[in-house]
Amino acid sequence: MTQPISTDHALAFAYFKEGFPYGDDNHLLFEQVSNGGDLEFFTLVLETVIPVIEQYLAQFEIDAPYKLYLFYGEVFPCQLKRLLEREPNPTRQALEQCADKTLQHIAQVMREIRQ
Numbered sequence: 011m012t013q014p015i016s017t018d019h020a021l022a023f024a025y026f027k028e029g030f031p032y033g034d035d036n037h038l039l040f041e042q043v044s045n046g047g048d049l050e051f052f053t054l055v056l057e058t059v060i061p062v063i064e065q066y067l068a069q070f071e072i073d074a075p076y077k078l079y080l081f082y083g084e085v086f087p088c089q090l091k092r093l094l095e096r097e098p099n100p101t102r103q104a105l106e107q108c109a110d111k112t113l114q115h116i117a118q119v120m121r122e123i124r125q
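Following the numbering used here, the numbering of the sequence shown begins with 11 at its first residue and continues without gaps.
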């Protein structure tokens, strides 16, 4: 790592790591995406994915608890895993689309709860 990690990024990463869906095949995904194991994979997420997503989310007004718990801790890890299984080296645009799908999913769930 060449620069310090902000508190916001560290919190986002902690919730992401907690919410990441583990499976018997994760080691294959980790190798395909980061050419390493879980340490390399999660370092890549912290250093490259989280900053892109945080920059994208800055355009929305999302309260921190919702962003951390619902976005990073629940829905986004599953969406990102699906994306990485199809596209191991996603573009910035693909990551932003993944974040947008996550927001749409959360909005749909919130609407269903209110009904």
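Built from N, CA and C at the ideal position, the CB exists for glycine as well.
Which one of the options has the shortest CA to CA distance from residue i?
{"i": "residue 27", "options": "105, 69, 77 and 84", "result": "84"}
{"i": "residue 8", "options": "35, 107 and 19", "result": "Since the first residue of the chain shown is 11 and the last is 125, residue 8 is not available in this structure."}
{"i": "residue 63", "options": "77, 38 and 45", "result": "77"}
{"i": "residue 20", "options": "36, 55 and 103", "result": "55"}
{"i": "residue 65", "options": "110, 37 and 52", "result": "110"}
{"i": "residue 36", "options": "57, 94 and 68", "result": "94"}
{"i": "residue 69", "options": "79, 50, 99 and 113", "result": "113"}
{"i": "residue 101", "options": "115, 118, 72 and 43", "result": "43"}
{"i": "residue 61", "options": "105, 119, 31 and 47", "result": "105"}
{"i": "residue 98", "options": "51, 73 and 121", "result": "51"}
Which value, in whole angstroms, describes the spacing of the CA atoms of residue i and residue j?
{"i": "residue 33", "j": "residue 40", "result": "11 Å"}
{"i": "residue 125", "j": "residue 13", "result": "46 Å"}
{"i": "residue 17", "j": "residue 23", "result": "10 Å"}
Classify residue i as helix, strand or coil using the three-state DSSP reduction.
{"i": "residue 116", "result": "helix"}
{"i": "residue 98", "result": "coil"}
{"i": "residue 14", "result": "coil"}
{"i": "residue 125", "result": "coil"}
Mind checking residue i: buried by the 16 CB within 10 Å criterion, or exposed?
{"i": "residue 29", "result": "buried"}
{"i": "residue 81", "result": "buried"}
Practice problem: Kindly provide the ranges of any alpha helix (DSSP H) runs that are 4 or more residues long and lie completely inside the stretch 27 to 80, ordered along the chain. | Solution: 36 to 44, 48 to 54 and 60 to 67
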